[in-house]
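Trainee:
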Amino acid sequence: MRRVRARQEPTRRRGPGVLFRGPGPARPGAALRRGRPGPPVPGRQRRRPAGLRGARPRGGQGAPVSVRKWDLAWAFLDPTVGHEQAGRRPVLVFCNDVIAGPIGLVTVLPLTTWRTGRRVYPTEVLLPSGTAGLPEASLVLAHQVRTISAGRLSPAMGSLEDPVPREQVATALRLWLDLGGG
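Numbering (our numbering), first residue to last: -19 to 162.
(1) If you check the beta carbons only, do S72 and E64 fall under 9 Å apart?
(2) W94 to H123, Cα distance in whole Å?
(3) With DSSP as the reference, label V88 as helix, strand or coil.
(4) Go ahead and label P70 buried or exposed: buried means 16 or more other beta carbons lie within 10 angstroms of its beta carbon, across all protein chains shown.
(5) For the beta strand (DSSP E) containing L107, list its first residue and its last residue.
(6) Quick check on DSSP: helix, strand or coil for W54?
(7) Determine the direct distance from the alpha carbon of L85 to that of Q148, and round the result to whole angstroms.
(8) Could you have a look at R146 and say whether DSSP puts it in helix, strand or coil?
(9) Check this for me: beta carbons of T60 and A53, under 9 Å apart or not?
(10) Do G131 and T111 have their C-beta atoms within less than 9 Å of each other?
(11) My assumption, with CB atoms under 8 Å, is that L89 sits in contact with V47. Please give the rounded CB distance.
(12) Which of the three DSSP states is assigned to V78 in this structure?
(13) Which of the three DSSP states is assigned to R69 in this structure?
(14) Where does T60 fall in DSSP's three states?
(15) From T96 to V45, what does the alpha carbon distance come to, in whole angstroms?
(16) When we look at the beta-carbon of L140 and count the other beta-carbons within 10 Å, is it buried (16 or more) or exposed?
(17) Please report the Cβ distance between S109 and A117, rounded to the nearest whole angstrom; I am assuming they are in contact, meaning their Cβ atoms lie under 8 Å.
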């Protein structure tokens, strides 16, 4: 069985040559890392409270934009791990507008450029160039579905209006998620 000892407050310096015992950071700036107010440290900016950290633009990301289901927009998908689609690329928004809007998250399907002769798999849908503002023929990758912050998106470049590719995308996603009915 593990023994638990009472924690003793360390002796620290407060100002030049003054020792004290009691609550407070063990080193300057330590309280800032724990999210509590502490003495300002020269050259260090005070961090925002945890609830506000995600609200500021970071790495080219801005404030959340208004997008709707079936919109195509550019997204910043980094950081990624393994075989996930990375970088700045077009995505197809595929989520419930009523639920996604207030929480600031959107479910997207990344797109990749289609090259002549490349096989199209059952979880992929080919969109010809010019569809909803796409500069090149692209594949919707239903097997790469992910939910991201709306702040990662640029304003919509177009919307997928044709019901045929819409149904193909829904079928590919049902197949990938094993939801049946498709």
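In this text, a Cβ means the ideal position worked out from N, Cα and C, and glycines have one as well.
Mentor: So, to answer that:
(1) On the sequence shown, residue 72 is found 92 positions in, with the first residue counted as 1. On the sequence shown, residue 64 is found 84 positions in, with the first residue counted as 1. Contrary to the premise, residue 72 reads as Leu rather than Ser in this sequence. In this structure, E64 does not lie closer than 9 Å to L72 by Cβ.
(2) For this step, residue 94 is matched to residue 114 along the sequence shown. For this step, residue 123 is matched to residue 143 along the sequence shown. Whole-angstrom Cα-Cα distance: 16 Å.
(3) Here residue 88 is taken as the residue at index 108 of the sequence shown, counted from 1. If DSSP states are grouped into helix, strand and coil, V88 belongs with the strands.
(4) Counted from its first residue, the sequence shown places residue 70 at position 90. A buried status is given to P70, since no fewer than 16 other beta-carbon atoms sit within 10 Å of its beta-carbon.
(5) Within the sequence shown, numbered from 1, the residue matching residue 107 stands at position 127. Counting along the chain, the unbroken beta strand (DSSP E) around L107 starts and ends at E104 to L107.
(6) Walking along the sequence shown from the start, residue 54 turns up at place 74. In the three-state reduction of the DSSP assignment, W54 falls in the strand class.
(7) On the sequence shown, position 168 is the one that residue 148 refers to. On the sequence shown, position 105 is the one that residue 85 refers to. Going by the C-alpha atoms only, they are around 24 Å apart.
(8) Residue numbering aside, residue 146 sits at position 166 when the sequence shown is read from its first letter. Under the three-state reduction of DSSP, R146 is assigned to helix.
(9) Position 80 of the sequence shown, counted from the start, is the residue given in the question as residue 60. Position 73 of the sequence shown, counted from the start, is the residue given in the question as residue 53. Here T60 is not near A53, since their CB atoms are 9 Å or more apart.
(10) Along the sequence shown, one-based indexing puts residue 131 at 151. Along the sequence shown, one-based indexing puts residue 111 at 131. No, Cβ-Cβ distance for G131 and T111 is not below 9 Å.
(11) Locating residue 89 in the sequence shown gives position 109, where the first residue counts as 1. Locating residue 47 in the sequence shown gives position 67, where the first residue counts as 1. Taking 8 Å as the upper bound for CB-CB distance, L89 and V47 are not in contact here, some 13 Å apart.
(12) Position 98 of the sequence shown, counted from the start, is the residue given in the question as residue 78. In the structure shown, V78 sits in a helix (DSSP, three-state: H, G or I).
(13) Taking the sequence shown and counting its residues from 1, the one referred to as residue 69 is at position 89. Reduced to three states, the DSSP call for R69 is strand.
(14) The residue given as residue 60 occupies position 80 in the sequence shown. Residue state, collapsed to three classes: coil.
(15) Here residue 96 refers to the residue found at position 116 when the sequence shown is read from its first residue. Here residue 45 refers to the residue found at position 65 when the sequence shown is read from its first residue. Per the coordinates, the alpha-carbon of T96 lies some 34 Å from the alpha-carbon of V45.
(16) Position 160 of the sequence shown, counting from 1, holds the residue named residue 140. Looking at its Cβ environment, which holds 16 or more other Cβ atoms inside 10 Å, L140 is buried.
(17) To locate residue 109, count along the sequence shown from 1; it is residue 129. To locate residue 117, count along the sequence shown from 1; it is residue 137. Their Cβ separation, rounded to whole angstroms, is 5 Å, which keeps S109 and A117 in contact under 8 Å.
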